[in-house]
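Data block below; observations after.
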Amino acid sequence: MSRQKQDWFLTRKVADNIYLTTEEHFFEFNRCNIWLIKGPTKDVIIDTGLGVCNLKKHYEDRGLISRDASRPSEVICTHVHFDHSGGAHHFDNVFIHELDLPGLKCGQQVETLNYVRQGHFHRDPYPGFSACSYRVPSTDCQPLTNGDKIDLGDGQYLDVMHYPGHTKGSIVLFYPQAHCLFTGDFVYDTGDGAGLLDWLPNSSIRSYKQSAESFCEWLSTHDVNKVYPGHGSILTASRTRQLLLQYLESKDEFCGMACATCLRVLSTPYFRLGCFRCILWC
Ligand SMILES: [Zn+2]
Ligand SMILES: [Zn+2]
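The sequence shown begins at 1 in full-length UniProt numbering and counts up by one.
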């Protein structure tokens, strides 16, 4: 395990060829897990964090990705939200599901969610930083679709699986040779699966329910040892399934559905108007 304590980013090895990077000085609840897979001939970075510091340079400085074309690297964003896509513009080869692509390509405020407050930074990422001017910039990116394979070299690959609900273009990546999954915000440990976020501006409760049901079926027929989520701790397949079943159960209750539906209606103007940047915080 390696640690760089003074850096904005903290990177540690979690498996033979998989690294986890986090932004330790940012609000834990929105702190994204950034995964780096060092494949046989190519490196793939899954999600990029906020983009307030340069993740590409961080990896290059530590020899984790190549500075030249001798060993290619690609970025895959599991979805368009700022905590996952904000740093993608620092990289050359960026991929995102086709339904989330327009929001990242144009740096749209609502699509990217852009939920950043000054109080969420325990330390300024650089001198003079202001959360008020934070934006996900327009980012050059290419589309992914369900069933695409990301080649890692020597017969290894990632399978792209589309599971909409959290956003329209949310994806899960399956790495069959390592028996692991990268789930983004589709499923992570919220304590109780009822807390999974289906009420954001571009969420769909109906799609999320369908995705949760079909993913639980998929899990029951595949050999998965580790689940690497978009936030929080690494999960087992059974814990992942439990969280999704809890989510589905919560939507069977009238209150659960009504609450999510109301929040969903209110969330679009909330994010469009930037209400989250209230005077107390910024
Ligand atoms: Zn998200
Ligand atoms: Zn997230």
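From the three backbone atoms N, C-alpha and C, an ideal C-beta is built for every residue, glycine too.
If you're wondering where the values come from, they're calculated on a predicted model, not measured in any experiment.
What does the alpha-carbon distance come out to for the pair residue i and residue j?
{"i": "proline 176", "j": "leucine 36", "result": "16 Å"}
{"i": "glutamine 108", "j": "valine 136", "result": "8 Å"}
{"i": "glycine 232", "j": "histidine 166", "result": "17 Å"}
{"i": "aspartate 7", "j": "leucine 101", "result": "30 Å"}
{"i": "glutamate 60", "j": "aspartate 83", "result": "21 Å"}
{"i": "isoleucine 150", "j": "tyrosine 208", "result": "24 Å"}
{"i": "arginine 117", "j": "glutamate 217", "result": "39 Å"}
{"i": "asparagine 17", "j": "isoleucine 46", "result": "13 Å"}
{"i": "lysine 168", "j": "serine 204", "result": "8 Å"}
{"i": "valine 110", "j": "proline 201", "result": "7 Å"}
{"i": "alanine 131", "j": "serine 73", "result": "29 Å"}
{"i": "proline 40", "j": "glutamate 28", "result": "32 Å"}
{"i": "cysteine 262", "j": "tyrosine 126", "result": "38 Å"}
{"i": "glycine 193", "j": "alanine 212", "result": "11 Å"}
{"i": "glycine 63", "j": "lysine 57", "result": "10 Å"}
{"i": "lysine 199", "j": "serine 70", "result": "One detail in the question is off: residue 199 reads as tryptophan in this sequence, not lysine. Their backbone Cα atoms lie some 43 Å apart in a straight line."}
{"i": "phenylalanine 91", "j": "valine 75", "result": "7 Å"}
{"i": "residue 285", "j": "leucine 248", "result": "Missing from the structure shown is residue 285; the chain here goes from 1 to 282 and no further."}
{"i": "tryptophan 281", "j": "glycine 119", "result": "Because the pLDDT at tryptophan 281 is just 43, under 50, the model does not fix this residue reliably, and the value given afterwards should be weighed accordingly. The alpha-carbon atoms of tryptophan 281 and glycine 119 are separated by roughly 6 Å."}
{"i": "phenylalanine 95", "j": "glycine 184", "result": "14 Å"}
{"i": "asparagine 54", "j": "aspartate 252", "result": "43 Å"}
{"i": "phenylalanine 174", "j": "glycine 147", "result": "11 Å"}
{"i": "glycine 191", "j": "leucine 181", "result": "19 Å"}
{"i": "histidine 89", "j": "threonine 112", "result": "13 Å"}
{"i": "serine 238", "j": "threonine 11", "result": "27 Å"}
At a threshold of 7 Å, does residue i count as lining ligand 2 (C-beta to nearest heavy atom)?
{"i": "aspartate 83", "result": "yes"}
{"i": "glycine 230", "result": "yes"}
{"i": "aspartate 198", "result": "no"}
{"i": "aspartate 92", "result": "no"}
{"i": "cysteine 259", "result": "no"}
{"i": "cysteine 32", "result": "yes"}
{"i": "aspartate 185", "result": "yes"}
Say the cut is 7 Å; is the CB of residue i nearer than that to a heavy atom of ligand 1?
{"i": "cysteine 120", "result": "The sequence given here has histidine at residue 120, not cysteine. Flag unset: Cβ of histidine 120 not near ligand 1."}
{"i": "histidine 162", "result": "no"}
{"i": "histidine 79", "result": "yes"}
{"i": "histidine 166", "result": "yes"}
Starting from residue i, follow its DSSP beta bridges and name the residues at the other end.
{"i": "glutamine 142", "result": "Phe95"}
{"i": "phenylalanine 9", "result": "Glu23"}
{"i": "lysine 149", "result": "Asp159"}
{"i": "phenylalanine 121", "result": "Phe26"}
Does DSSP classify residue i as helix, strand or coil?
{"i": "serine 267", "result": "helix"}
{"i": "arginine 3", "result": "Note that arginine 3 scores a pLDDT of 45, beneath 50, so its modelled location is shaky and nothing firm can be said."}
{"i": "tyrosine 19", "result": "strand"}
{"i": "tryptophan 281", "result": "Note that tryptophan 281 scores a pLDDT of 43, beneath 50, so its modelled location is shaky and nothing firm can be said."}
{"i": "leucine 245", "result": "helix"}
{"i": "threonine 261", "result": "helix"}
{"i": "threonine 112", "result": "coil"}
{"i": "cysteine 132", "result": "helix"}
Exercise. Taking only runs of the alpha helix (DSSP H) that begin and end inside the stretch 151-238, which ones reach a length of at least 4 residues, in chain order?
Worked result: Whole alpha helix (DSSP H) segments, 4+ residues: 205-220.
Exercise. At which residue ranges does the stretch 26-88 contain complete alpha helix (DSSP H) runs of 4 or more residues, listed in the order of the chain?
Worked result: Contiguous alpha helix (DSSP H) elements confined to the stretch 26-88 occur at 55-61, 82-85, taking only those with 4 or more residues.
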